[in-house]
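All remarks here apply to the structure that follows.
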Amino acid sequence: MKIHRYLFFIFIFSQTTIFAQQKLPKGFSYVKDIIPGINVDLRYYSSHNFVGKKIDGYKSPVLIWSTAATSALKKVEKELNAQGMSLKVFDAYRPQKAVQHFKRWALQINDTLSKREFYPNLDKRNLFKLGYIANKSGHSRGSTIDLTIVTLIDHKELDMGSPFDFFGPISHFDTEEINAAQKKNRTLLKSIMMKHGFKGYAKEWWHFTLIHEPYQKTYFDFDVY
């Protein structure tokens with residue numbers, strides 16, 4: 007009986023391992039395989055996001071991204087490490103099914119579970135018109151990322167003036183609603199990302215895309231696991 011139970015657990019472990027190590031499409035990598043020390047807070051795998059629930063397509067708290075973008079990001083991480091800092095990533099590759107989840111949520115006007123934290127000053131009915139929710143996302147092309155900077159010693163986030171995924175003008179890079187120190191931190195993030203081949207998005211200080219992204223017209227839908 008003990009032998010049978012042992013073999014059973016070996017089988018379950020092997021299946022779990024296989025599940026956790028899916029074969030990624032050509033040109034994609036697990037970010038931690040290339041940048042082991044990077045910090046990860048995959049918000050859409052958890053309920054700590056503007057929807058307030060785990061998002062479709064996020065089956066494991068791992069970062070998947072295009073290999074080209076990850077290689078460029080490794081240079082950013084190395085430079086920050088030399089200054090006593092590191093990157094913290096909130097989202098990288100995003101399946102198209104997750105974008106569809108956002109769209110369904112946006113149409114459910116009475117579902118405002120996370121309004122107080124993420125969009126306290128906005129009417130949910132205006133999220134499409136204001137561009138916070140869209141039919142497609144650059145994240146699904148595999149080379150767009152949401153991230154910030156943390157200290158190496160205690161992994162504390164630098165003060166950027168607004169939280170990740172906050173819907174409002176204060177999240178715009180050039181907002182006048184933040185102080186000089188917060189502006190300096192945003193400028194540090196933007197400048198070091200640009201130095202290594204990324205471009206920012208004016209309305210979201212945390213959002214960057216590899217300039218020479220390899221899949222400019224392809225929107226992927228494989229799960230994150």
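In the working numbering, the protein residues as written are 7 to 231.
In this text, a Cβ means the ideal position worked out from N, Cα and C, and glycines have one as well.
If you're wondering where the values come from, they're calculated on a predicted model, not measured in any experiment.
For SER72, report the span of its alpha helix (DSSP H) as first-last. Where SER72 is concerned, there is no enclosing alpha helix (DSSP H), although the beta strand (DSSP E) it sits in stretches over 70 to 72.
Supposed close pair ASN191, LEU164 - CB separation, criterion 8 Å: 4 Å
Label ARG147 either buried or exposed according to how many other C-beta atoms from any shown protein chain fall within 10 Å of its C-beta, with 16 as the threshold for buried. buried
Cβ-based burial, ARG100 [other Cβ within 10 Å; buried from 16]: buried
Closest Cα partner of PHE172 within the set LEU194, GLY137, ASP160, GLY144: GLY137
Please identify the residue among GLN222, PHE228, LEU79, THR150 whose C-alpha is closest to the C-alpha of PRO42. Nearest of GLN222, PHE228, LEU79, THR150 to PRO42, Cα basis: LEU79.
Measure the beta-carbon distance from LYS196 to PHE179 and round it to whole angstroms, keeping in mind my assumption that it falls under 8 Å. Indeed, because the Cβ distance is near 7 Å, the residues count as touching under 8 Å.
Reference GLY58; option with closest CA among TRP111, ASN141, PHE34: TRP111
Between ILE198 and LEU86, which are expected to be in contact by the criterion C-beta below 8 Å, what is the C-beta distance as a whole number of angstroms? With a Cβ gap of about 7 Å, ILE198 and LEU86 count as contacting.
Below 8 Å CB to CB, which residues in the same chain sit around PHE228 once its five sequence neighbours on both sides are set aside? Within the same chain, and ignoring the five residues on either side of PHE228 in sequence, the residues whose Cβ sits closer than 8 Å to its Cβ are GLN28, LEU30, PRO31, PRO101.
When you compare the CB positions of TRP212 and ASP152, do they come within less than 8 Å of one another, or not? yes
For my contact list, SER149 and ALA208 are in at a C-beta cut-off of 8 Å; report their separation, rounded to the angstrom. About 18 Å; that fails the 8 Å criterion.
By DSSP, does SER146 sit in helix, in strand, or in coil? Under the three-state reduction of DSSP, SER146 is assigned to helix.
Using C-beta distances below 6 Å, list every residue in its chain close to VAL46, excluding the 5 sequence neighbours before and after it, in chain order. LEU69, VAL95
Can you tell me whether LYS223 is buried or exposed, with buried defined as 16 or more other CB within 10 angstroms of its CB? exposed
Determine the contact status of TYR36 and VAL230, defining contact as a CB-CB distance below 8 Å. no
When we look at the beta-carbon of HIS92 and count the other beta-carbons within 10 Å, is it buried (16 or more) or exposed? It should be pointed out that residue 92 corresponds to Ser in this sequence rather than to His. By the neighbour-count rule (16 or more Cβ atoms within 10 Å), SER92 is buried.
Hey, would you say LEU128 sits closer than 8 Å to GLY174, going by beta carbons? yes
Can you give the Cα-Cα distance for LYS205 and PHE214, rounded to whole angstroms? Going from the Cα of LYS205 to the Cα of PHE214 covers about 5 Å.
To which residues of the same chain is GLY203 closer than 8 Å at the C-beta, ignoring the five residues directly before and after it? Apart from the 5 residues on each side of it in sequence, GLY203 sits with its Cβ closer than 8 Å to the Cβ of ALA78, LEU216, ILE217, HIS218 in its chain, given in chain order.
Helix, strand or coil for GLU123? Go by DSSP, reduced to three states. helix
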